[in-house]
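As numbered in my numbering, residues 39 to 126 make up the sequence shown, in order.
Written out below as structure tokens is the structure these notes cover.
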Amino acid sequence: MKVKVKAYGGLAHYLPDRKEEIEVEIGDGMALGDLVKGLGIPEEEIWLVSVDNALKPKETILKGGEEVLIFAPVAGGLSIHCNRTKST
């Protein structure tokens with residue numbers, strides 16, 4: 039059985055050949071958390087994981103044919119600082 043794995047936010051460097059999308063052979067009864075751990079992505083670098091576009095816990099058993107998306111935390115954005123002076 040295989041699942042498609044896509045890694046976003048810089049996590050692709052953990053996947054073979056640094057590809058953003060790979061297919062992974064899984065065994066019967068493999069849990070989502072075991073799949074992610076087997077990819078070598080450090081847990082602290084993962085923000086969320088979805089299976090077929092739905093958030094799932096790491097205990098979810100994969101059946102094969104699913105699409106697993108792994109996202110890194112998002113940071114940054116626009117910061118606007120205003121200095122207000124009182125005019126007289």
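Just so you know, even glycine gets a beta-carbon here, dropped at the ideal spot from N, CA and C.
- Its Cα nearest to that of residue 64, the residue 104 stands out among 52, 87 and 104.
- For residue 74, the uninterrupted alpha helix (DSSP H) run begins and ends at 70-77, by DSSP.
- Contact annotation: residue 43 and residue 86 have beta-carbon atoms that are not nearer than 9 Å.
- Contact between residue 41 and residue 78 is absent: CB atoms are separated by about 16 Å, not below the 8 Å threshold.
- Listed in chain order, the non-local C-beta contacts of residue 97 below 6 Å within the same chain comprise 69, local neighbours out to five positions each way being set aside.
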